[in-house]
Amino acid sequence: HDIRSPLSSMQTALRYFGEMEIPNERFSNVLNLLQLSSKRLHEIANNLLEKKAEGERTKKRLTSIHHVLDGLLGEYIEQRESFPSLTITKKYHSCALFVMGDPIRLGRAFGNVIKNAVEAMKGKGELTIRTSVYDPHVEIIIEDNGPGIAKENISKILQGGFTAGKADGHGIGTQVVKEVVEEHGGNLSIESELGQGTRFIFTLPIATSLDVDESSKEQDIDIPKRTIQLEFYEKCAVKLPLTNYRIGGYK
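The sequence shown begins at 0 in the numbering used here and counts up by one.
What follows is the structure, given as structure tokens:
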């Protein structure tokens with residue numbers, strides 16, 4: 000509650016600025032970034048309260064993987080003036096991909112890896128996000144072309160409690176990330192070579208038709224089943240084009 004109170008005040012101020020006449024594009028970009036960050040902080044605060052009330056039990060719901068990733072990448076796109084030499088490439092599966100999960104927890108896991116990838120490249124290079132389907136799982140790959148991680152350190156990082164350091168590519172202890180993935184019945188792996196970059200590979204169980212039926216009722220959503228069910232992935236209804244972003248404009 001102590002966190003939510005000042006956040007509510009900040010969101011009120013942002014709404015006020017949003018109603019003003021926008022003086023220039025830079026003002027608009029900064030305002031959009033603040034609104035995105037404020038929204039994420041509010042969601043994290045709500046998530047912490049839910050965790051406390053539910054005894055740390057992960058609250059799972061029908062979650063769009065692409066929606067979660069787009070929210071995270073949007074923050075870097077809005078900051079394109081700060082990262083003029085960073086290219087973000089999205090190579091998404093042509094279907095909308097859904098899992099049963101906690102979107103806030105998944106966002107923190109993906110966001111942690113994305114943030115460290117950008118820092119490892121010092122804001123210069125290419126960040127590639129790929130999604131694909133390997134029944135019955137969704138695969139999410141977050142890849143950078145930074146300095147990479149020494150092979151002898153990869154297993155230590157996956158075990159948790161080990162930080163390779165920024166000079167070695169990723170100053171990240173992945174214990175929290177791995178815990179989130181395991182909470183969702185998934186798996187985390189790392190592929191890397193020094194001087195070539197790093198790939199974090201997430202696999203998560205895909206939503207089943209039963210998940211869709213139950214979640215559509217609980218969450219009051221109407222989603223075409225042919226988009227989601229395992230047996231219909233080859234004939235899915237929703238198509239999402241591959242998108243290449245370059246910070247500062249389209250690639």
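Backbone N, C-alpha and C define an ideal beta-carbon position, used for all residues, glycine too.
query, result
"So, with DSSP's three-state summary, where would you put Asn-111?", "helix"
"Run the CB neighbour count on Tyr-133, radius 10 Å, all protein chains shown included, and call it buried at 16 or more, exposed below.", "exposed"
"Is Leu-193 buried or exposed, if buried means 16 or more other CB atoms sit within 10 Å of its CB?", "exposed"
"Three-state secondary structure (DSSP) at Thr-173?", "coil"
"Less than 8 Å between the beta carbons of Leu-203 and Gly-185, yes or no?", "yes"
"Met-9 by DSSP, collapsed to three states: which one?", "helix"
"Which of the three DSSP states, helix, strand or coil, is assigned to Ile-64?", "helix"
"May I ask you to verify whether the segment 57-75 touches the segment 17-27, counting CB pairs closer than 8 Å and requiring at least 3?", "no"
"Apart from the five residues just before and just after His-0, which ones in its own chain have a Cβ nearer than 7 Å to its Cβ?", "Confidence in His-0 is poor, its pLDDT being 46 and thus under 50, which makes the residue's placement unreliable; the coordinate value appears in the next sentence. So no residue of the chain qualifies."
"Taking a contact to mean a Cβ-Cβ separation below 8 Å, would you say Ile-141 touches Val-112 in this structure?", "yes"
"Could you round the C-beta distance between Lys-123 and Leu-72 to whole angstroms and report it? I think they count as a contact, below 8 Å.", "Not confirmed; about 17 Å, so no contact."
"Verify whether the separation of the beta carbon atoms of Leu-105 and Glu-77 is less than 8 Å.", "no"
"Is it true that the CB of Thr-127 sits closer than 8 Å to the CB of Phe-97?", "no"
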